[in-house]
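No gaps in the numbering here: position 129 of the sequence shown is 129 in full-length UniProt numbering, and each next residue is one more. Just so you know, even glycine gets a beta-carbon here, dropped at the ideal spot from N, CA and C. Here is the structure we will look at, set down as structure tokens.
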Amino acid sequence: MRDPIRTVTETMICPSIEARAEAATQGGDQAAHNQFQATWPCLTNIEARRPKVDLPVPSDLTIAAWNIERCKRVEDSAALIRASGADIVLATEMDLGMARSGQRHTTRDLADLLGFGYVFGTEFVELGTGDSYETPLFADLANQGGLHGNAILSRYPLRSPALIPIADEGMWFVGQPKNDGQLRIGGRMAMAAQIEAPNGPLTLASVHFESESDAEGRAAQSERLIASLDALYGRARCVIGGDLNTKALSDQELTAQQCLFAPEDAEPSFARFAAAGYDWRLTNTGAPTTRAAPGKPVSYPLSVLDWLFTRNVAAAQPKVIPALSSHGHYLSDHEMITTRITL
């Protein structure tokens, strides 16, 4: 497992189309993967920009976590975030230079529309155009950048950013977990940073657990995330949010109350968070956080995959906000979740 990445740049450098095409010919080779990961700047740097206006951090904040599924509708996504009142968004599945999302730098464009600053890190360099549904739609279009990652967008200045690797890296290059031809260089990770609140720093982390892990694998990712955050920032106040892919909750058909108050047997990652002082019962509803995607098969019940965890902060008013535009357009296969915290 790599060490956390702390190097910051104003503009992410993407590997060329030719470099990515050449890398694709070496699929299956772990040594080649590791070489790309160690030398491509997009996998060794964090992109960060300040908000348009530096505002002081108030004592009450609304924090959102949202897997925006490539962020294919940037303007509509910004409008939904604005309507939610979110001051900070822990965002996952953000594209940069992907044909499927209009070749946009979705994090930068979303932040610009909101007037927010951001930190963005690359989870994967995508060597194809996407999953088995996206590939036929964009097969004739080359990705200009080919990056996919996680971000924190904030109304307030972010400091001390870090990219934290949390899962075995290279599995999407050495093997093909979904057997659909996707080749990706990188591995699951969290983006972390702090804001300076009136009475001390608040640590934030946006995380995406591996979709192909089992419950024990997710517990191991929790341990890595928690240990890294503590090592980087100390046991400070913290909010963690993102897509934890907690599939066992729906596989075992837990009710909303069971998901909220007794998830540990199905998903031992919750026990790891509890042992480190994190709570989720006041920041989540237990209701499903996924949405049926147009043109894709769907299984019921819908899943509770997205979570917000807090440590040493008061939380209330959790919400699940439908991932639909004001005109009813589909935005993501995950709903936005929010909570109100008091520092």
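Counting C-beta atoms within 10 angstroms of its own C-beta, E216 has fewer than 16 neighbours from the protein chains shown and is therefore classed as exposed.
Looking at the backbone, the Cα of M171 and that of A220 are separated by about 16 Å. The Cβ atoms of T62 and T338 lie closer than 7 Å to each other. Around the beta carbon of D306, 16 or more other beta carbons lie within 10 angstroms, which makes this residue buried. In this structure the segment 173-191 lies against the segment 115-129, because at least three pairs of beta carbons, one per stretch, are closer than 8 Å.
Along the length of the segment 10-86, whole alpha helix (DSSP H) runs at least 4 residues long occupy 17-24, 30-39 and 74-84, reported in chain order. According to the DSSP secondary-structure assignment, E196 is paired through a beta bridge with P201. Distances from the CA of L110 to each of E123, T122 and D95 were compared; the closest alpha carbon is that of D95. In the displayed model, M171 falls within a helix according to three-state DSSP.
In this structure, A256 sits away from G234, with a CB-CB distance that is not shorter than 7 Å. In this structure, S303 and L249 form a Cβ contact; the two beta carbons are roughly 7 Å apart against a cut-off of 8 Å.
One thing to note: I164 has its Cβ within 7 Å of the Cβ of S228. Taking C-beta separations shorter than 6 Å and ignoring five residues to either side along the sequence, Q176 has no partners in its chain. In the three-state reduction of the DSSP assignment, G217 falls in the helix class, which pools H, G and I. In this structure, Y118 places its C-beta atom within 7 Å of the C-beta atom of T107. According to DSSP, residue pairing for T338 in a beta bridge involves A64 and K319.
Of the candidates P41, C42, D60 and G27, the residue whose Cα lies closest to the Cα of A197 is D60.
Every unbroken stretch of the alpha helix (DSSP H) spanning 4 or more residues and falling wholly within the segment 89-162 is given here in chain order: 106-114 and 134-138. Within the same chain, and ignoring the five residues on either side of S132 in sequence, the residues whose Cβ sits closer than 6 Å to its Cβ are D180.
Counting the other Cβ atoms within 10 Å of the Cβ of V57 gives 16 or more, which makes it buried.
A straight line joining the alpha-carbon of G28 with that of P318 spans about 43 Å. A287 sits in coil when the DSSP states are folded into three classes, being neither helix nor strand. Judged by DSSP secondary structure, F273 falls within the alpha helix (DSSP H) whose first and last residues are S269 to A275. The straight-line gap separating the alpha-carbon atoms of A266 and P288 is approximately 16 Å.
Counting C-beta pairs with one atom in each stretch, the segment 40-49 and the segment 5-12 have three or more that are closer than 8 Å, which means they touch.
At least 7 Å separates the beta-carbon of W40 from that of P4.
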